[in-house]
Structure formats: structure tokens, C-alpha cells
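Numbering (the UniProt record's numbering), first residue to last: 1 to 181.
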């Protein structure tokens with residue numbers, strides 16, 4: 001084919017299919033290096049990561065190959081760290097939010113506590129925080145008896161724990177896994 005058959009296409013280029021899908025220049029990138037197409041793509045896959053590249057491409061006005069390359073780059077760069085299915089914990093499950101204050105604030109004590117929380121299957125999330133508490137732990141249990149067993153095993157028997165305070169969740173007002181992009 002000649003250039004006449006494809007006006008505006010550079011016949012010397014190996015692949016010009018995505019000329020209109022090029023990333024905006026660096027002035028459109030945020031402090032994480034994400035351009036508007038990246039941010040919109042991330043917003044879409046956070047809602048439903050099972051959509052096809054073609055479906056995402058249609059919504060983003062990109063080609064499917066451009067979407068595929070962007071997703072690969074975002075995974076390679078660690079922006080996308082996993083693809084998961086979110087399971088509803090169930091109406092009968094007990095969710096607790098526990099704040100923990102440690103007796104001594106040393107690296108070894110912090111690391112030991114973090115390790116214990118990572119080892120507990122009941123712990124869904126654990127954060128080091130500023131303020132009165134050193135850690136906030138969110139955990140799920142089949143019932144209050146299981147929670148009592150967990151608090152005895154992981155908190156009350158830990159000599160490094162100075163104080164703990166637990167709030168039992170009785171209603172979830174908002175739950176969102178997506179981060180703002």
C-alpha cells in the first residue's frame with residue numbers, strides 16, 4: 001500500500017496504529033508519573049478488572065493494544081500490585097477495629113508485633129499510625145468467641161502491648177477498595 005492509501009500515515013514507521021493514542025506530554029503527568037489516560041484506566045480497572053482490553057479501549061478512546069501496554073507498564077512499575085476478587089464477609093461475621101499502644105517503641109518490638117499481625121489469618125488490615133495508638137488492626141471473626149480467642153492469643157498475652165481498645169462494627173456505612181487516581 002502507498003501513502004495515498006493511508007493519508008497521514010508514515011510508511012517508514014513499523015507501527016502507526018496508535019498515533020492518536022499516544023500519551024499526553026509530560027506536562028499532563030501527576031507526581032506519580034501518571035497521565036490522564038493512566039488515571040482513567042486505573043479508575044476503570046479498580047471498579048472491574050475483568051473487563052476486556054477492547055471494552056476498556058472503547059471507553060478510553062484508545063486501542064486495545066495501547067490499553068494492554070499501559071496495564072503491563074502499570075503492573076511492572078508497581079502501580080497495580082494485584083488483581084483480586086472481593087468477598088463479602090457475610091452478615092453474621094463480626095468485624096472489629098482495635099487500636100494498640102505498645103509499651104516500648106523500639107524497632108524490635110514494632111517488628112515483632114507486625115509479624116504477629118501478619119501471621120494472624122483473622123487480621124485483614126494492620127496500620128502503623130500516629131497519635132495515641134501505635135497500630136490500628138481491622139479483623140474479621142465468625143463470632144465473638146473467636147474474637148475473644150484471638151484477643152487472648154495475639155494481644156493480651158503480648159507483654160509489649162500496653163493498652164488495646166476494640167470497637168465492634170455493627171454497620172458498614174461505606175466500604176471502598178479503590179484509591180483516588
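Here a beta-carbon is modelled for each residue, glycine too, at the ideal position from N, C-alpha and C.
Assuming residue i and residue j are in contact, meaning their beta carbons sit under 8 Å apart, how far apart are those beta carbons, in whole angstroms?
| i | j | result |
| --- | --- | --- |
| residue 136 | residue 147 | Not a contact, Cβ separation roughly 16 Å. |
| residue 66 | residue 55 | Not confirmed; about 14 Å, so no contact. |
| residue 53 | residue 68 | 5 Å |
Starting from the Cα of residue i, find the closest Cα among the options and give me that residue.
| i | options | result |
| --- | --- | --- |
| residue 89 | 178, 149, 110 and 141 | 141 |
| residue 96 | 170, 181, 178 and 179 | 170 |
| residue 182 | 81, 28, 45 and 99 | Past the boundaries of the shown model lies residue 182; the chain is included only from 1 to 181, so the question cannot be answered. |
| residue 47 | 125, 85 and 29 | 85 |
| residue 168 | 93, 129 and 118 | 93 |
| residue 149 | 110, 81, 35 and 121 | 121 |
| residue 155 | 62, 131, 179 and 114 | 114 |
| residue 125 | 163, 51, 62 and 177 | 177 |
| residue 129 | 110, 119, 118 and 34 | 110 |
| residue 34 | 153, 145, 131 and 75 | 75 |
| residue 62 | 30, 37 and 175 | 37 |
| residue 43 | 80, 165 and 175 | 80 |
| residue 163 | 132, 179, 87 and 29 | 132 |
| residue 192 | 87, 59 and 153 | No answer is possible for residue 192: it lies beyond the span of the chain, which begins at 1 and ends at 181. |
Looking at the strands, I want to know which residues DSSP matches up with residue i.
| i | result |
| --- | --- |
| residue 140 | 95 |
| residue 39 | Answer by DSSP bridge pairing: none, since residue 39 is not bridged. |
| residue 135 | 100 and 128 |
| residue 165 | 99 |
| residue 123 | 139 |
Assuming contact is defined by CB atoms lying nearer than 8 Å, are residue i and residue j in contact in what I supplied?
| i | j | result |
| --- | --- | --- |
| residue 70 | residue 41 | yes |
| residue 101 | residue 143 | no |
| residue 181 | residue 39 | yes |
| residue 139 | residue 123 | yes |
| residue 116 | residue 83 | no |
| residue 103 | residue 45 | no |
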